[in-house]
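Mapping the sequence shown onto our numbering, position 349 (from 1) lands on 536, and the numbers just tick up by one. By construction, the Cβ of each residue, glycine as well, lies at the ideal position given by its N, Cα and C atoms. Note sheet for the following structure.
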Amino acid sequence: MSQPLLQWYALYGRNNLPWQLPRTPYRVWISEIMLQQTQVQTVIPYFERFMQRFPNINALAKAHDDEVLSLWSGLGYYSRARNLHQTAKIVMQSHGGVLPDDYQLLKELPGIGPSTAAAIVSQAFNQPVAILDGNVKRVLTRFFMIKGYPEQAQVKKTLWELANSCMPQENCADYTQAIMDLGAMCCTPKNPNCPNCPLQNNCLALKYEEQHLYPTKKVKKTIPVQNQQFLVLYNEQDSIYLEKRPPVGLWGGLWCLPSVDEEDCPLDFIRLNYDLSGEPPRQLMTFKHRFSHFHLQINALSIKTKALGNTLSEKQGQWFAKEQINSLGLAQPTSKILTFHYNIDVKNECSVR
Numbered sequence: 188m189s190q191p192l193l194q195w196y197a198l199y200g201r202n203n204l205p206w207q208l209p210r211t212p213y214r215v216w217i218s219e220i221m222l223q224q225t226q227v228q229t230v231i232p233y234f235e236r237f238m239q240r241f242p243n244i245n246a247l248a249k250a251h252d253d254e255v256l257s258l259w260s261g262l263g264y265y266s267r268a269r270n271l272h273q274t275a276k277i278v279m280q281s282h283g284g285v286l287p288d289d290y291q292l293l294k295e296l297p298g299i300g301p302s303t304a305a306a307i308v309s310q311a312f313n314q315p316v317a318i319l320d321g322n323v324k325r326v327l328t329r330f331f332m333i334k335g336y337p338e339q340a341q342v343k344k345t346l347w348e349l350a351n352s353c354m355p356q357e358n359c360a361d362y363t364q365a366i367m368d369l370g371a372m373c374c375t376p377k378n379p380n381c382p383n384c385p386l387q388n389n390c391l392a393l394k395y396e397e398q399h400l401y402p403t404k405k406v407k408k409t410i411p412v413q414n415q416q417f418l419v420l421y422n423e424q425d426s427i428y429l430e431k432r433p434p435v436g437l438w439g440g441l442w443c444l445p446s447v448d449e450e451d452c453p454l455d456f457i458r459l460n461y462d463l464s465g466e467p468p469r470q471l472m473t474f475k476h477r478f479s480h481f482h483l484q485i486n487a488l489s490i491k492t493k494a495l496g497n498t499l500s501e502k503q504g505q506w507f508a509k510e511q512i513n514s515l516g517l518a519q520p521t522s523k524i525l526t527f528h529y530n531i532d533v534k535n536e537c538s539v540r
């Protein structure tokens, strides 16, 4: 498999991505974390901004949490950013500021699983360690006609064995990028470009004309919908009240607008929880925000408030002027709502969770 794949990569592969120029361990690591569950074209501008602000692991380790989350805001899956920051600190403290070139050591660091560790050592250190991301799973399940949902334990075990058996002992970095590129550019989820695939002569799914059956899809479940009211609480100075989410969980560590269940009265909520009085709410917008495991139907309301006491100081939040908003790490729905409220482009708003 490796020889025709490498020949194809030399002609058609993506060999000018930002993290390949130059291909350093630090740049490979950052890119691999960003690319988890996120497409290349989405990652590129985030990667370039991240590198401009944090050109090395020392700069990242010294950064404040809010700054890291602000630069990540819009990419989604924010635990990646927190793990990235924590790993940078560990590498500075325990590894002399040098990212380990050992697969087992890498797997012990926050946010680095088996496939990500393999991608780092193969691409940054040219070691023959196979990866198994979504693109690779798709290529292997079609090439070998592996039945069963790829995330099932036994199926995944088989795929790991095949991935390792296909891994060459030389040109490891190029092979790793090549098989990912093949899955992204040729062996795509829908309408794969089989006539131009370098593996077409030996692909079993193509031989039996069953490419569309692989990989086996997971049985879909009904995705629940939750209804929430997001409250834009602003005062006489046009400052906005935001709360910082706990480090772990949904939008962990990001700043968010207060929210209440659909059936709750917003004015009662802010009086009881924040000791604020408010004018009648004004509806701003409604939209659906999608997560992998549920959908959030959001009704955004704007409420001009007046303080009744000092209980706001007990909350994990504070008032921010309009000029301060872009310096914060915002949850995407909050960013979208504030963009509409202020009629300005809040930089953290993006199309990805």
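Determine, using beta carbons only, whether S260 and L441 come nearer to each other than 8 Å.
-> Numbered from 1 along the sequence shown, position 73 holds the residue referred to as residue 260. Numbered from 1 along the sequence shown, position 254 holds the residue referred to as residue 441. Yes.
Please list, in chain order, all residues of the same chain as E450 whose beta carbon is under 7 Å from its beta carbon, the five residues on each side excluded.
-> On the sequence shown, position 263 is the one that residue 450 refers to. No residues qualify anywhere along the chain.
Given I410 as reference, the closest of A305, R477, Q291 and M238 once Cα atoms are compared = Counting from 1 along the sequence shown, the entry for residue 410 is found at position 223. Of the listed residues, the one whose Cα sits closest to I410 is R477.
For Y461 and Q310, the rounded distance between their alpha carbons = The residue you call residue 310 lines up with position 123 of the sequence shown. The residue you call residue 461 lines up with position 274 of the sequence shown. Each residue's alpha carbon lies about 52 Å from the other.
Whole-number beta carbon distance between Q280 and P297, since they are thought to touch under 8 Å | Sequence index remark: in the sequence shown, residue 297 carries index 110 (1-based). Sequence index remark: in the sequence shown, residue 280 carries index 93 (1-based). Not confirmed; about 13 Å, so no contact.
Got a sec, what are the start and stop residues for the alpha helix (DSSP H) L327 sits in?
-> Counted from its first residue, the sequence shown places residue 327 at position 140. Residues G321 to F331.
Where Q398 falls, given that 16 or more other Cβ within 10 Å makes a residue buried = Looking up residue 398 in the sequence shown gives position 211. Answer is buried; the Cβ neighbour count reaches 16.
Could you please give me the residues that DSSP links to S489 through a beta bridge?
-> The count along the sequence shown starts at 1 and reaches residue 489 at position 302. S489 is bridged to V419 and R469.
According to the neighbour-count rule (16 or more other Cβ atoms, all chains shown, within 10 Å of its Cβ), is D178 buried or exposed?
-> Here the chain has residues from 188 to 540 only, and residue 178 is not among them.
Would you please state the rounded distance, in angstroms, between the beta carbons of F237 and P205? I believe it to be under 8 Å.
-> Along the sequence shown, one-based indexing puts residue 237 at 50. Along the sequence shown, one-based indexing puts residue 205 at 18. With 8 Å as the limit, F237 and P205 do not qualify as a contact, their Cβ atoms being about 10 Å apart.
Helix, strand or coil for I217, going by three-state DSSP, please let me know.
-> As a position in the sequence shown, residue 217 is number 30, starting the count at 1. DSSP places I217 in helix when its eight states are reduced to three.
Taking three-plus beta-carbon pairs below 8 Å as touching, is the stretch 352–369 in contact with the stretch 419–430?
-> no
Is any heavy atom in the ligand MN found nearer than 7 Å to the beta carbon of L258?
-> This structure lacks the ligand MN; in fact it carries no ligand of any kind.
Are at least three pairs of beta-carbons, each pair with one atom in the stretch 483–490 and one in the stretch 412–422, less than 8 Å apart?
-> yes
How would you call Q519, buried or exposed, if buried means at least 16 neighbouring beta carbons within 10 angstroms?
-> Along the sequence shown, one-based indexing puts residue 519 at 332. Its Cβ being crowded by 16 or more others within 10 Å, Q519 is buried.
Please report the residue range of the beta strand (DSSP E) in which W438 lies.
-> Mapped onto the sequence shown, residue 438 falls at position 251. Run containing W438: none; DSSP gives neither H nor E here.
Grouping DSSP H, G and I as helix and E and B as strand, with all else coil, what is E396?
-> By 1-based counting over the sequence shown, the position of residue 396 is 209. DSSP places E396 in coil when its eight states are reduced to three.
Can you tell which of V255, A197, N203 and G263 has its C-alpha closest to the C-alpha of L222?
-> Taking the sequence shown and counting its residues from 1, one reaches residue 222 at position 35. Closest by alpha carbon: G263.
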